[in-house]
Amino acid sequence: MGMKILNVSIDEAGYSQDEVVIHGINFDIKEGELIGLIGPNGAGKSTTIKSILGTLENVVGTIQFQDQSMRYAYIPEQPVFYEELTLWEHIQFTASICELTEQEMTERAKPLLEIFRLDDVIHQLPSTFSKGMQQKLMIILAFLTKPNLYIIDEPFVGLDPKAMNDFLRLLNEEREQGAAVLMSTHMLDTAERICDRFLLIMKGSIIAQGTLADIRNAAQVQDANLFDSFEALMERT
Ligand SMILES: Nc1ncnc2c1ncn2[C@@H]1O[C@H](COP(=O)(O)OP(=O)(O)OP(=O)(O)O)[C@@H](O)[C@H]1O
């Protein structure tokens, strides 16, 4: 694995000053890595992501990119768009924020729109799209910017099987070029198949982290899958 991209060290964070929701969340993300953020409902996955994105006010700790020029893209679970902008205007807007040339924008956007089959609707408003189409557009906008780090909240709900395959293939291509991915998901079978490392979160803190082998060791189970290892760990915590 390559060099470190991000160091996360959150002592505590929450939605108000007097209530701590997550604590002791410490990990690094390196070039090319795909890290799965795993945990039951309410465990603190989204709160961890919000702390990294800087959208949570009450964070004690540091979130440090290795160098200042590094950029991330966030793909939220619930797509968000500008009501009055068409799909293509979203592409133009994103490209202008990232200071892409017209040529870069077109060269990157065209194949993405074809792969995700949105090339027929570029002049329509995303607010009129289906949930899956909206999610695809969020994905396209993220790929358009070629970030060092992709932060993705539950990507596997709502995408059709072809879109999911294409998405994972494109992510792998980005990883081969050094991008890293932090992905929260409840789809443990998929996570087990694709992630290099896991962060298992429960009740606001990390109860185990590492490769599947590390997680099995921590859970003291042999040959168990990720789900069973996590269950064993949760029972003991
Ligand atoms: N906007 C908010 N204001 C106050 N408390 C919140 C807010 N959002 C989440 N919480 C609380 O923070 C805790 C962690 O929630 P979080 O959304 O991080 O969980 P999660 O692991 O992402 O869960 P899920 O799998 O259900 O998405 C929960 O107890 C939740 O009630």
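Numbering (UniProt numbering) for the sequence shown: 1 to 237. Don't be surprised by glycine CBs; every beta carbon is placed ideally from N, CA and C. Since this is a predicted model, take the numbers as computed values, not measurements.
Suppose you measure from the CA of residue i to the CA of residue j; what does that come to, to the nearest Å?
i	j	result
I115	E173	14 Å
G19	Y74	For clarity, residue 19 is Glu in the given sequence; the question names Gly instead. If you take the alpha carbons of E19 and Y74, they lie about 26 Å apart.
A179	E107	19 Å
R236	A208	12 Å
F129	Q177	32 Å
N165	P155	12 Å
K30	V181	9 Å
L118	M133	8 Å
R71	N148	5 Å
M202	E12	14 Å
I151	E102	26 Å
N225	T55	34 Å
I215	S205	15 Å
E192	L212	8 Å
V21	T48	9 Å
residue 243	D189	Only positions 1 to 237 of the chain appear in the structure, and residue 243 is not among them; the question remains open.
A95	L113	15 Å
D196	E83	38 Å
L170	L141	13 Å
F143	D28	22 Å
D153	E99	26 Å
S46	L37	9 Å
G39	L53	19 Å
In the DSSP assignment, find the unbroken alpha helix (DSSP H) run with residue i in it and report its ends.
i	result
D228	L226 to R236
Q135	K131 to T145
I194	L188 to I194
M3	Segment: none, M3 is in no alpha helix (DSSP H) and carries neither H nor E.
F156	Counting along the chain, F156 falls outside any alpha helix (DSSP H), and DSSP gives it neither H nor E.
H90	L87 to I97
I122	Counting along the chain, I122 falls outside any alpha helix (DSSP H), and DSSP gives it neither H nor E.
E107	E102 to I115
Drop a sphere of 10 angstroms on the beta-carbon of residue i, count the other beta-carbons inside from all chains shown, and report buried for 16 or more, exposed for fewer.
i	result
S184	buried
residue 239	Any question about residue 239 goes unanswered here, given that the chain covers just 1 to 237.
M138	buried
F167	buried
H123	exposed
S51	buried
F227	exposed
S229	buried
A163	buried
F93	exposed
P126	buried
G42	exposed
K131	exposed
I5	buried
Within the continuous beta strand (DSSP E) that includes residue i, where are the two ends?
i	result
I206	S205 to G210
R197	R197 to M202
A180	A180 to S184
Who are the Cβ neighbours of residue i in its own chain at under 6 Å, not counting the five residues just before and after it?
i	result
S9	N26, G61 and T62
I91	A109
Spatial neighbours of residue i within its chain, please: C-beta separation below 7 Å, excluding the five flanking residues on both sides.
i	result
L233	L200, I207, A208, A218 and A219
I194	L34 and L168
M3	K30, E31 and Q66
Q135	P79, G158 and L159
H23	D11, E12, G204 and S205
Between which residues of its own chain and residue i is the CB-CB distance below 8 Å, once the five residues before and five after are set aside?
i	result
L17	Checking the sequence shown, residue 17 turns out to be Gln, not Leu. So the list reads N58, once near-sequence residues are dropped.
V121	L87, F129 and M133
E104	A95
Complete runs of the alpha helix (DSSP H) confined to the region 8-79 [at least 4 residues]
45-53
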